[in-house]
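Here the structure comes first, spelled out in structure tokens, and everything after it is commentary.
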């Protein structure tokens, strides 16, 4: 069992959530229940899955939850690209978010690879 609050990937992904909330607040009001909601839910999923996996009794279970978090990250990447296509995100914001997301994916993948399953 890992203390999720001590994990840098959990801290970083949690902070990243506030950035996506700030960006999606700029999206059109008619997207409130569309891509805005979808993006926010997917972002919250990353630190939530890290936390839930950390509570599990085995590294195998933790690894599975980290895999789900990575899946959410790729879902987010797709949604960010679509948001940019729809002109909801400026290119600079997109680049910044994608770069940070890539770093989080790398951190999760590296942590996952260190687990003895």
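Numbering (the working numbering), first residue to last: 20 to 136. A virtual CB, placed ideally from N, CA and C, is assigned to each residue, including glycine.
- Here residue 123 has 28, 31, 32, 35, 65 and 92 as same chain residues with Cβ atoms under 8 Å from its own Cβ, once five neighbours each way along the sequence are excluded.
- Taking the C-beta atoms as reference points, residue 54 is found nearer than 8 Å to residue 101.
- Using a 10 angstroms sphere on the CB of residue 127, the tally of other CB atoms reaches 16 or more, which defines it as buried.
- Around residue 87, the same chain offers 68 as residues with beta carbons nearer than 6 Å, after the five sequence neighbours per side are excluded.
- Per DSSP, reduced to three states, the secondary structure at residue 66 is helical.
- Straight through space, the alpha carbons of residue 37 and residue 109 are spaced by roughly 18 Å.
- For the 8 Å CB-CB criterion, residue 99 and residue 113 form a contact.
- In the structure shown, the three-state DSSP call for residue 95 is helix.
- Beyond the five residues adjoining it in sequence on each side, residue 71 comes within less than 6 Å, by CB distance, of 84 in the same chain, given in chain order.
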